[in-house]
Each structure stands twice: as structure tokens, then as C-alpha cells.
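Residue numbers (the working numbering): 1 to 428. Just so it is clear, CB atoms sit at the ideal spot from N, CA and C, and this is done for glycine as well. Below is one structure, written out as C-alpha cells; comments come after it.
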């Protein structure tokens, strides 16, 4: 679910983390005997309390979504079997074990396998594509599952409100502010469908940016709908295809086949700097720095004020968390697993090589990344990837699971080998 969608620089690369020898990993899960012994000894050296665990039945096609202490299971429609879609909600207790009882169930006749679930204030939103029409968002009451409203468009939080983006046909795209409780539209603006981007804050979208290849770039406040700034950032130039992205205080415009990057201040649309990198895919904040990620892998860490390349890493292609001057980065691994390491954010120096793990879920500022790695006999190692400490900390070894895991700040959910899902409260 989403609203959203090295040329002349010469600088010494930071030392790359040493590559680990290949491991035999895959589904069904198996690892080398040395790895099993190492992790078992680590777990034995630092035992943890057995976490509370719960189970819920589910079909193989069911998709699960965690949100705080709630679990939502989305069953897509199955026309040949004569079944419509269904959304089921569960509350995960603070302690205990055993099967969970549903809070409520509600039908979703048009539910698809690619739909997603989002909780915003006191509504549960199901949103996704449709084979025979535009994307739609359906809102249900969080406590009862009662249908609140339904409307077309992609949807995302924007403070207390929601934003929807409607595209398609000959008309321009339209961004609208929607009351989560009622679905009523407060305001809307027309924007170019292929040139509209958004700035994301911890509580959702706060800026809407229209940056066509020629003409005026416009910036709106996503909370009030007010137009904040309009300026031609390419005066006198011929139209040239470009991509734009907003990161914190900067608007980053990529042109010349993803080779030239120009940074503007988002508030005033004033030009700050310009550099050439090559095949940039996207940008993200990396603590005090700005990270640019290549379309074919690798990353650059840039000075936000000047665009100067502070360091480059060719092995890593994503930063998951930055904390206390250290970054958890992801790179190519083996099978369903990726390689992970911790880098010093200022220099790119490798602090720790964490090996290969499967990591998924959300990482709030006060949360922690959780990795899983398969062992033998349907067992799964669960570990915290400790960014500040520069290590992995084994939390548990689960039995009777096949993977397909996700985690949030407090819960871990995985497929059970006998069918359905298991949910565990993560140990501290």
C-alpha cells in the first residue's frame, strides 16, 4: 500500500566489510553445523525468558498484518471455491499462550492477494489494486469491524487526517484530505499524475510536491491544503524528463538518465547544490547525512549542505536504521536472506558484520530490528540486530515454524509448519 510511489567526484571509498564464505541456506530451512553450534552456544550463554506465544488458523493464501497489539488476517476472494474475501481482527494478550479468539470478522467481497491493511486512529483501512477498476480504500471501525466508508484511490496517513491519491484516465491526478471517521473530503488539489511526490514524517505525509519536467514546481501543505510555494526551477530550459523526491528539508531532482542530482530547499525551492552520481534509484535520510542508493546496488553518503560524497559502499543497498551514529545496512545474501552489517555513519567504516538474516517489519525510532534465520527440523533462530551494540543478540529458538515472518516493536509472527500462524511476544 502506498501513496507513494560517479562522474567527476573522486574520494577514497570506505573499507568494505569482509565477505563471509557462502552458506547453504534455503527453504526447507537448513544451515551449516558450525553455524548451528555457534548460535546455540550464544543462546545458551545469554538465556532469555520464554516468550508468550499464541496461534491462529489461516489458509496458505491468508496475509497477516501486525499493528501494535492487534493482528489482522486478510483472506482474498476465491471465486472458483465460491468464497468472498474476509478481514479478521484479533487482540494479542500481554501474557499467556494458546489459540486466539477473533474480535470480529467482516466480509471483503473484492479483496485481492495484494491488498494491505493499515490502522489509523480508530479505523482499519484495507487498500489495494483491483483487476477491474481503480484502487480503492475501505475503512472499518477498529473496535467492531463495522463498515465506515469506501472510496477510490491510494491512501496514506497525514497527521490526524488521511490523504487519498486518485489517478487514471485523461484527467489530472487528485490529492484529497479525508476524515478517517466519515470518509468526507475536506479539500483537494489537482496535480500531475506522473510528477507528484510526497514528504513523509513519522506521523505521515506533510508536503505534496508537483514537479513536472517544465514549468512551475508547486509545494502544498498536506495538512491544510494551502499552497506554500511555486517556482520555475529550470527557467529557459527545454523540457527534460526528471524524477523528484523530498527528504527532510531538501527536494532532490534527478535528471540526465538518473546521473545528475540537483538539491533545492523544499521551503523556498532555492537551489542548494548539484552533483553527478550515476543511476540513482532513490534517497533516504541517514542520520545527519543523505544517502543515495544506486539502481544496480551500492550507496553514497552525501553531505546535506554541499552534496559532497563523504563515503561510498558498493556492497550495501539499503539502510534500515540509524542510531547513535551507526547504521544497519542490508546487501545481497543467499536465498530469502540478506547480508547485514553495521557501519559508522560518519565514515562508512564497518563496525560489525552480522551475517545473513531475514528481516521484515517496521522500525520505529524506539523499536529494534528483528532477524530470523532457519535451522534444522523446522526451527528458527530469532535475534535482535543490535545497532548501538554492534552485535546480534539471540532471543529465542522457535520450533515448528517455516518462516514467512514479520515483526514490529513487540510482536513476532511466523507461519507454522502445521498451518496457520504463531505469534510471540518478543523478550526484552
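Range of the contiguous beta strand (DSSP E) that encloses residue i
i           : result
residue 99  : 97 to 99
residue 410 : Premise fails: residue 410 is in no beta strand (DSSP E) and is neither H nor E.
residue 282 : 280 to 286
residue 106 : 104 to 108
residue 336 : Run containing residue 336: none; DSSP gives neither H nor E here.
residue 120 : 116 to 120
residue 164 : 161 to 166
residue 85  : 85 to 91
residue 242 : Unbroken run through residue 242: none, as it is neither H nor E.
residue 353 : 350 to 359
residue 316 : Residue 316 -> no beta strand (DSSP E), and no H or E assigned at all.
residue 177 : 173 to 178
residue 206 : 204 to 210
residue 186 : 185 to 191
residue 81  : No beta strand (DSSP E) holds residue 81; DSSP gives it neither H nor E.
residue 294 : 289 to 294
residue 427 : No beta strand (DSSP E) contains residue 427, which DSSP labels as neither H nor E.
residue 301 : 299 to 302
Bridge partners - residue i, DSSP secondary structure assignment
i           : result
residue 231 : 217
residue 67  : 70
residue 144 : Its beta-bridge partners do not exist; DSSP assigns none.
residue 134 : Partner(s): none; residue 134 has no beta bridge.
residue 422 : 55 and 414
residue 157 : 162
residue 386 : 391
residue 263 : 252 and 273
residue 368 : In DSSP, residue 368 forms no bridge with anything.
residue 128 : 136
residue 196 : 210
residue 403 : 415
residue 152 : 136
residue 326 : 323 and 344
Distance, residue j Cα to residue i Cα
i           : j           : result
residue 120 : residue 276 : 40 Å
residue 50  : residue 373 : Model confidence at residue 50 stands at a pLDDT of 48, short of 50, so the residue's coordinates are unreliable; what they give is reported in the following sentence. Their backbone Cα atoms lie some 18 Å apart in a straight line.
residue 205 : residue 155 : 11 Å
residue 83  : residue 203 : 36 Å
residue 59  : residue 99  : 16 Å
residue 413 : residue 116 : 16 Å
residue 106 : residue 90  : 12 Å
residue 330 : residue 408 : 18 Å
residue 328 : residue 367 : 13 Å
residue 334 : residue 64  : 25 Å
residue 303 : residue 422 : 44 Å
residue 339 : residue 352 : 12 Å
residue 350 : residue 299 : 14 Å
residue 66  : residue 73  : 9 Å
residue 310 : residue 316 : 15 Å
residue 332 : residue 360 : 15 Å
residue 410 : residue 369 : 11 Å
residue 255 : residue 358 : 34 Å
residue 28  : residue 385 : Note that residue 28 scores a pLDDT of 32, beneath 50, so its modelled location is shaky; the value from the coordinates is reported in the next line. Looking at the two C-alpha atoms, the distance is approximately 23 Å.
residue 345 : residue 306 : 17 Å
residue 297 : residue 118 : 30 Å
residue 356 : residue 148 : 43 Å
residue 6   : residue 182 : Low confidence applies here, because residue 6 scores a pLDDT of 23, under 50, leaving its location unreliable and the question unanswered by this model.
residue 392 : residue 242 : 41 Å
residue 295 : residue 314 : 12 Å
residue 158 : residue 190 : 17 Å
residue 430 : residue 54  : Any question about residue 430 goes unanswered here, given that the chain covers just 1 to 428.
residue 229 : residue 218 : 6 Å
residue 336 : residue 221 : 40 Å
heavy atom of the ligand SAM below 7 Å from residue i C-beta
i           : result
residue 184 : In terms of ligand content, the structure shown is empty, and the ligand SAM therefore cannot be addressed.
Close-in-space but distant-in-sequence residues of the same chain around residue i (CB under 7 Å, 5 per side omitted)
i           : result
residue 179 : 161 and 186
residue 146 : 140
residue 282 : 245 and 293
residue 318 : 293, 329 and 330
residue 104 : 89, 144 and 145
residue 239 : 213 and 214
residue 234 : 214
Nonlocal neighbours in the same chain, by C-beta distance under 8 Å from residue i, ignoring five residues either side
i           : result
residue 388 : 323, 324 and 326
residue 192 : 172, 173, 210 and 212
residue 390 : 326, 342, 351 and 352
Chain-order list of residues whose beta-carbon lies under 6 Å from that of residue i (same chain, five-residue window excluded)
i           : result
residue 399 : 379
residue 166 : 152, 153 and 174
residue 262 : 253 and 274
residue 417 : 378, 400 and 402
residue 258 : 279 and 280
Stretch-stretch touch, CB-based, cutoff 8 Å, three pairs: the region 187 to 198 with the region 242 to 259: Between the region 187 to 198 and the region 242 to 259, the count of Cβ pairs shorter than 8 Å is three or higher; the stretches touch.
Any 3 or more C-beta pairs closer than 8 Å across the region 264 to 272 and the region 284 to 293: No, because fewer than three Cβ pairs between the region 264 to 272 and the region 284 to 293 fall closer than 8 Å, the two stretches do not touch.
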